[in-house]
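Participant: In this note's numbering, the protein residues as written are 157 to 474.
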Ligand SMILES: C[S@@+](CC[C@H](N)C(=O)[O-])C[C@H]1O[C@@H](n2cnc3c(N)ncnc32)[C@H](O)[C@@H]1O
């Protein structure tokens, strides 16, 4: 089980929830993504792909408004080995990543970076974004940078109360006008967000943006994260009617622990987690004046996902 996300002596955040969840720390911190991709595939991990259409829709909305004066620069919080970039910028599917790392990518880190770089060099970029990644795993960020998935990387654990972004990191944060995070809230809390949100989009204040799109598992209370966004002038809300499957429960202990937390919070799991998967909700943030347009875009995307079952993004609640 996960050890929690705070240091000795500090108040633990989401302690009970993180205790109930399986811990994948070893595969998050390996020099190459082989173990991560294999472990996630084994557990049916799909939240990155599920969130992709919403992240792309937010990026396209930004582009429409900024008319190329300010390229979309995406900050992926809890980016792992550059997964948000692989999904959003390069349009890779998770299955492609699994096939790539199980058959074509050597275990040696330098060689693996080289073949990954060669692969993405010949991959079209369906969504024209620059990507900056933040993750506490130095190994993961190093791989993503060397492989060319990330244009900028911040390998830091801002959950540690002794750590704050340095000048270079603040400048990366300021250069980003789209914040995304998939599958990372829980490890990442309001503590990290409090270091990020004040800087986002500050490089090129424009008439539209910055925007944020986050997935949050139903067992995690989003209130502290919302409070950070609101403190810095954003409107932060759940997009109604969207339930995104994250992954299967790893075992019976995890299933029972997570269901107990959800039930204690009064959450009805009958149509969702009871069927064997964890579910996340989609949250967005924007300046209050821009929020309605972002929300409409998310709703339009939800409808498209419902129609396009081939994208496997059809878990819409009633
Ligand atoms: C389940 S993975 C999600 C990866 C990716 N976003 C995706 O959806 O495929 C969670 C990630 O959160 C990262 N993480 C854990 N604690 C963190 C922290 N304190 N700050 C930033 N990232 C953290 C882990 O290293 C891991 O890469």
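Note that CB positions come from ideal geometry on N, CA and C, so glycine has one too.
When burial is assigned at 16 or more other CB atoms within 10 Å of the CB, is residue 456 buried or exposed?
Facilitator: In the chain shown, residue 456 corresponds to position 300, counting from 1. It is exposed - the Cβ of residue 456 has fewer than 16 other Cβ atoms within 10 Å.
Participant: Any Cβ of chain B within less than 8 Å of the Cβ of residue 409?
Facilitator: The structure shown contains no chain B, having only a single protein chain.
Participant: Cβ of residue 314 versus every heavy atom of ligand 1: is any distance shorter than 7 Å?
Facilitator: Residue numbering aside, residue 314 sits at position 158 when the chain shown is read from its first letter. The answer is yes for residue 314.
Participant: According to DSSP, simplified to helix, strand and coil, what is residue 374?
Facilitator: For this step, residue 374 is matched to residue 218 along the chain shown. Residue 374: coil per DSSP, three-state reduction.
Participant: Check whether the Cβ of residue 344 lies closer than 7 Å to any heavy atom of ligand 1, and answer yes or no.
Facilitator: Taking the first residue of the chain shown as position 1, residue 344 is located at position 188. Yes; taking the cut-off as 7 Å, the Cβ of residue 344 has a heavy atom of ligand 1 nearer than that.
Participant: Spatial neighbours of residue 328 within its chain, please: C-beta separation below 7 Å, excluding the five flanking residues on both sides.
Facilitator: For the purposes of this step, residue 328 is taken as residue 172 along the chain shown, with counting starting at 1. The answer, listed in chain order, is 288, 308 and 310.
Participant: Would you kindly check if the distance between the Cβ of residue 354 and the Cβ of residue 202 is under 8 Å?
Facilitator: Position 46 of the chain shown holds residue 202. Position 198 of the chain shown holds residue 354. Taking 8 Å as the Cβ cut-off, residue 202 and residue 354 do not qualify as a contacting pair.
Participant: So does residue 291 have its beta carbon nearer than 7 Å to some heavy atom of ligand 1?
Facilitator: Locating residue 291 in the chain shown gives position 135, where the first residue counts as 1. Checking every heavy atom of ligand 1 against the Cβ of residue 291, one is found closer than 7 Å.
Participant: Which stretch, first to last residue, makes up the beta strand (DSSP E) that contains residue 272?
Facilitator: Mapped onto the chain shown, residue 272 falls at position 116. Note, residue 272: premise wrong, no beta strand (DSSP E); alpha helix (DSSP H) at 265 to 277.
Participant: Run the proximity test for residue 348: is its beta-carbon closer than 7 Å to any non-hydrogen atom belonging to ligand 1?
Facilitator: Position 192 of the chain shown, counting from 1, holds the residue named residue 348. Yes, the beta carbon of residue 348 sits closer than 7 Å to at least one heavy atom of ligand 1.
Participant: Along the beta strand (DSSP E) that carries residue 309, what are the first and last residues, could you check?
Facilitator: As a working note, residue 309 is residue 153 in the chain shown. Run containing residue 309: 308 to 311, per the beta strand (DSSP E) assignment.
Participant: Where does the unbroken beta strand (DSSP E) through residue 462 begin, and where does it stop?
Facilitator: As a first step, residue 462 is located in the chain shown; it is residue number 306 there, counting from the start. Segment 447 to 463 is the alpha helix (DSSP H) holding residue 462; no beta strand (DSSP E) there.
Participant: At a cut-off of 7 Å, would you count residue 210 as near ligand 1, judging by its Cβ distance to the nearest heavy atom?
Facilitator: As a position in the chain shown, residue 210 is number 54, starting the count at 1. Outside the cutoff, so no.
Participant: With a threshold of 7 Å on Cβ separation, who are the neighbours of residue 270 within its own chain once the five nearest residues in sequence on each side are excluded?
Facilitator: Position 114 of the chain shown holds residue 270. The answer is none, since no qualifying residue turns up.
Participant: Can you give the Cα-Cα distance for residue 178 and residue 337, rounded to whole angstroms?
Facilitator: Taking the first residue of the chain shown as position 1, residue 178 is located at position 22. Taking the first residue of the chain shown as position 1, residue 337 is located at position 181. Taking the straight line from one Cα to the other gives about 19 Å.
Participant: DSSP three-state call for residue 349: helix, strand or coil?
Facilitator: Here residue 349 refers to the residue found at position 193 of the chain shown. DSSP places residue 349 in helix when its eight states are reduced to three.
Participant: Using the rule of at least 16 other Cβ atoms within 10 Å of the residue's Cβ for burial, across every protein chain shown, is residue 461 buried or exposed?
Facilitator: To locate residue 461, count along the chain shown from 1; it is residue 305. It is buried - the Cβ of residue 461 has at least 16 other Cβ atoms within 10 Å.
Participant: Taking a contact to mean a Cβ-Cβ separation below 8 Å, would you say residue 246 touches residue 281 in this structure?
Facilitator: Counted from its first residue, the chain shown places residue 246 at position 90. Counted from its first residue, the chain shown places residue 281 at position 125. Yes, the pair counts as a contact, with Cβ atoms nearer than the cut-off.
Participant: Within a Cβ cutoff of 6 Å, which residues of the same chain sit near residue 285, ignoring the five residues on either side of it in sequence?
Facilitator: Numbered from its first residue, the chain shown carries residue 285 at position 129. 215, 228, 230 and 245.
Participant: Using the C-alpha atoms, what's the distance from residue 251 back to residue 420?
Facilitator: To locate residue 420, count along the chain shown from 1; it is residue 264. To locate residue 251, count along the chain shown from 1; it is residue 95. When rounded, the distance between both Cα atoms is 35 Å.
Participant: Excluding the five sequence neighbours on either side, which residues of its own chain have a C-beta within less than 7 Å of the C-beta of residue 313, listed in chain order?
Facilitator: Along the chain shown, one-based indexing puts residue 313 at 157. Closer than 7 Å at the Cβ level, and outside the excluded window around residue 313, lie 292 and 319.
Participant: State the Cα-Cα distance for the pair residue 190 and residue 325, rounded to the nearest angstrom.
Facilitator: Here the question's residue 190 lines up with position 34 in the chain shown. Here the question's residue 325 lines up with position 169 in the chain shown. Taking the straight line from one Cα to the other gives about 28 Å.
Participant: Exposed or buried, residue 468, counting other C-beta atoms within 10 Å across all chains shown (16 or more means buried)?
Facilitator: As a working mapping, residue 468 is identified with position 312 in the chain shown. Confidence at residue 468 is low in this model, with a pLDDT of 41, below 50, so the placement of that residue should be treated as unreliable; the coordinate-derived value is given next. By the 10 Å Cβ count, residue 468 comes out exposed.
Participant: Would the beta-carbon of residue 306 fall within 8 Å of that of residue 453?
Facilitator: In the chain shown, counting from the first residue as 1, residue 306 sits at position 150. In the chain shown, counting from the first residue as 1, residue 453 sits at position 297. No, the pair does not count as a contact, with Cβ atoms beyond the cut-off.
Participant: Using a Cβ-Cβ cut-off of 7 Å (strictly less than) and excluding sequence neighbours within five positions of residue 360, which residues of its own chain qualify?
Facilitator: Position 204 of the chain shown, counting from 1, holds the residue named residue 360. Excluding residues within five positions, the ones whose Cβ falls inside 7 Å are 226.
Participant: Is the stretch 417 to 432 close to the stretch 362 to 382, with three or more CB pairs under 8 Å?
Facilitator: Enough Cβ pairs lie closer than 8 Å, so yes.
Participant: Across which residues does DSSP place residue 394 in a beta bridge pair?
Facilitator: Your numbering for residue 394 matches position 238 in the chain shown. 439, per the DSSP bridge assignment.
Participant: Could you spell out the range, first to last residue, of the alpha helix (DSSP H) harbouring residue 418?
Facilitator: For the purposes of this step, residue 418 is taken as residue 262 along the chain shown, with counting starting at 1. 408 to 420 is the span of the alpha helix (DSSP H), which, as asked, contains residue 418.
Participant: On the premise that residue 207 lies in contact with residue 414, defined as a C-beta separation below 8 Å, what is that separation, rounded to the nearest angstrom?
Facilitator: In the chain shown, residue 414 corresponds to position 258, counting from 1. In the chain shown, residue 207 corresponds to position 51, counting from 1. About 20 Å; that fails the 8 Å criterion.
Participant: Once DSSP output is grouped into helix, strand and coil, what is the label at residue 356?
Facilitator: Position 200 of the chain shown, counting from 1, holds the residue named residue 356. Coil, per DSSP.
Participant: Quick one: Cα of residue 302 to Cα of residue 211, how far?
Facilitator: Taking the first residue of the chain shown as 1, we reach residue 302 at position 146. Taking the first residue of the chain shown as 1, we reach residue 211 at position 55. For residue 302 and residue 211, the distance between alpha carbons rounds to 24 Å.
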